[in-house]
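In what follows, a structure is listed as structure tokens, so that the remarks can point back to it.
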Amino acid sequence: MNPTPDTASTQRAPIWPEAHVAPVGPGRFTGTIGEHWNALQGLNGGMVAAHAVRAAEAVLADLGVASDVHLRAATFGYVSGTVAGELDIEVEVVRQGRSLVTSHVRTVQQGRTTMVGRLHHSAPWEGARYSDAPPMPARPDGTVPLTGNERARHFDRVDTQLHPTTVPFGGGDRAEWLAWSRPGHGGHFDSAWLTMFGDYLPPAVFARSTEPSRAVTIEYGIQIHQAAGAWSLADGERLTAHLHAAHSHDGFAVEDGWFYLPDGTVLATTRQTRLAG
């Protein structure tokens with residue numbers, strides 16, 4: 000069974016309720032992120048970004064945008080560390096066109112900006128259809144579960160299997176992760192979950208390093224290549240993730256990611272700029 004769009008997602012509660020936000024005023028929301036989302040170096044940035052997506056979705060729903068308008072691209076800049084606890088979110092719609100809505104989002108803790116984001120929601124457009132993306136890696140035997148620890152508790156939030164040669168701080172030849180993950184909630188997931196997952200795995204530079212080092216994300220971008228907004232996987236199916244930091248210089252590394260549906264279709268791509276050293 001191939002994964003299918005969940006076309007009724009806009010008519011019911013979010014598939015992934017963990018990134019919950021509550022309105023507190025026009026364009027203003029609050030959310031809470033627990034300590035179980037602590038990552039290696041602070042709170043997982045993807046989870047902060049997922050809250051921003053949820054808040055923007057709520058604003059767009061209030062504006063009455065069409066049901067086929069979903070997140071297609073977003074960029075998040077992390078300007079200071081977010082800690083577990085309450086998070087304030089501010090959304091400003093910059094422009095609302097007939098098919099494309101652009102918004103700015105800011106997250107705040109105790110009066111301090113922690114993240115700024117720019118989001119583009121759109122209905123599908125007619126256009127060229129092709130893909131020269133790397134083919135989906137095949138899952139080998141002997142994959143190893145990714146598990147959390149006290150320093151990185153969030154790795155227990157998604158059922159994830161790593162390629163057996165992907166060893167953190169193993170001094171490998173390539174700064175690369177290959178992973179296969181199963182979304183919770185029966186294999187159902189949406190744009191907010193996918194935004195979180197794009198920043199879920201450990202930094203790819205850790206596969207090449209021989210000891211722990213800084214790898215804090217400065218900027219994170221995600222592009223979603225299917226307009227469904229929500230998806231469902233069959234029993235036993237997984238998403239495939241391929242992350243590669245092909246270049247590192249002057250203390251910064253650029254990491255590209257490809258995320259595949261089980262049939263090999265590219266669902267999303269990501270690019271992160273990280274500290275590396």
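FYI, in numbering that gives the first Met the number 0 the residues of the sequence shown are 0 to 276.
C-beta atoms are modelled at their ideal positions from N, C-alpha and C, and glycine is treated no differently.
Computed from a predicted structure; not experimentally measured.
For E85, the number of other beta carbons within 10 angstroms of its own is below 16, and it is reported as exposed. Contact between the stretch 162-172 and the stretch 44-61 is absent: fewer than 3 CB-CB pairs across the two stretches fall below 8 Å. For N43, DSSP records no beta bridge to any residue.
Sorting V253, P25, H224 by C-alpha distance to the C-alpha of A127 places H224 at the top.
The beta-carbon distance between W179 and T239, rounded to whole angstroms, is 6 Å. This is short enough to meet the 8 Å contact definition.
Counting along the chain, the unbroken alpha helix (DSSP H) around A191 starts and ends at 190-196. Cβ contact annotation for G33 (same chain, cutoff 7 Å, sequence separation greater than five): A83, in chain order.
As computed with DSSP, P22 is found in a beta bridge with F28. Runs of the beta strand (DSSP E) lying entirely within the stretch 78-155, each at least 3 residues long, are 84-95, 99-108, 111-121 in chain order. A distance below 8 Å separates the beta carbons of M114 and F75. Nearest to T106 by alpha-carbon distance, out of G116, L145, V64, is G116. Here S79 is exposed: its Cβ has fewer than 16 other Cβ atoms, across all protein chains shown, within 10 Å. For H184, the enclosing alpha helix (DSSP H) stretches over residues 183-186. In the structure shown, W176 falls within a strand segment according to DSSP collapsed to helix, strand and coil.
Excluding its 5 nearest sequence neighbours in each direction, W15 has C-beta neighbours in its own chain below 7 Å: H184, F188, D189, A191, W192, listed in chain order.
One Cα belongs to G250, the other to L274, and the distance between them is close to 6 Å. In this structure, V157 lies away from I88, with their beta-carbon atoms at least 8 Å apart. Counted as a single uninterrupted DSSP element, the beta strand (DSSP E) harbouring W230 occupies residues 229-231. Per the DSSP secondary-structure output, T268 pairs in a beta bridge with Q222, W257. Counting other Cβ atoms within 10 Å of its Cβ, A252 reaches 16 or more and is therefore classed as buried. Cβ neighbours of H246 within its own chain (closer than 8 Å, five residues either side excluded): A252, V253. Secondary structure note for D158: its beta strand (DSSP E) is the uninterrupted segment 158-161.
In summary, W230 is buried, with 16 or more beta-carbon neighbours lying within 10 Å of its beta-carbon over all protein chains present. In the structure shown, R53 falls within a helical segment according to DSSP collapsed to helix, strand and coil.
Under the three-state reduction of DSSP output, L200 falls in the coil class, being neither helix nor strand.
Measuring C-alpha to C-alpha distances from P201 to each of L266, L70, A137, Q271 identifies Q271 as the nearest.
Assignment of F168 by DSSP, reduced to helix, strand and coil, places it in the coil class.
According to the DSSP assignment, S247 belongs to the beta strand (DSSP E) that extends over 238-248.
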